[in-house]
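Input: a single structure, listed below in structure tokens.
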Amino acid sequence: MTDAELQRRVEEISLSSFGKPFRHRARFNGRLRSTGGRYFTKSHHIEISRRHLEAFGTEEMDKVIKHELCHYHLHLARMGYQHRDADFKSLLRQVGGTRFCQSLPESRRTEPYRYRLSCQSCGMAYLRKRRVDPKRYRCGRCRGKLKLEALDLSAKP
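Here our numbering is used: position 96 in the sequence shown is 634, and no number is missing along the way.
Here it is, written out as structure tokens:
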């Protein structure tokens with residue numbers, strides 16, 4: 539799907555679900571990972587995640603478009619357009635949009651813990667993925683000094 543096809547799709551959904559035209563730009567943004575789309579309050583443009591379209595299909599994308607159009611139409615009408623507002627929740631329920639988008643499968647990759655901070659007083663251990671300076675921190679249990687140890691990732695469990 540191209541940006542022009544997305545623009546037409548957003549305009550169609552806006553007229554059919556909201557009864558109002560969408561007069562701004564809609565486009566894909568391939569860098570969006572944790573969200574299905576976003577609405578810009580200053581320019582009134584909408585961006586949709588191409589990754590969500592590829593992963594979940596057009597039905598899920600239509601729900602994300604409805605979500606973003608709720609922000610759009612409520613903001614232009616000077617009503618509560620934020621996620622926490624009753625106007626937003628009510629309109630979203632009426633048009634059948636999704637409140638939260640699905641997580642992308644690739645976003646769930648986890649790195650192994652590479653470091654352990656050990657308290658020299660009580661022995662409490664804290665696992666970390668990134669290296670930290672132990673002089674800048676103290677134990678949360680007893681306020682003792684911490685010692686940094688690198689974990690051996692080559693050892694098989």
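All C-beta atoms, glycine included, are put in the ideal place defined by N, C-alpha and C.
{"Query": "Classify Phe638 as buried or exposed, calling it buried when 16 or more other Cβ atoms lie within 10 Å of its own Cβ.", "Result": "exposed"}
{"Query": "For Gln632, which residues in the same chain have their Cβ closer than 6 Å to its Cβ, ignoring the five residues on either side in sequence?", "Result": "none"}
{"Query": "Where Asp690 and Ser641 are concerned, what is the direct C-alpha to C-alpha distance, given to the nearest angstrom?", "Result": "31 Å"}
{"Query": "Grab me the residues of Gln620's own chain with a C-beta within less than 7 Å of its C-beta, minus the 5 sequence neighbours each way, in chain order.", "Result": "Phe626"}
{"Query": "For Tyr653, which residues does DSSP report across the bridge?", "Result": "Arg666 and Ala688"}
{"Query": "Would you give the residue range spanned by the alpha helix (DSSP H) that Ala593 belongs to?", "Result": "Arg588 to Phe594"}
{"Query": "With DSSP as the reference, label Tyr610 as helix, strand or coil.", "Result": "helix"}
{"Query": "Which term fits Leu612, buried or exposed, when burial requires 16 or more other beta carbons within 10 angstroms of its beta carbon?", "Result": "buried"}
{"Query": "Suppose you measure from the CA of Gly634 to the CA of Lys667; what does that come to, to the nearest Å?", "Result": "40 Å"}
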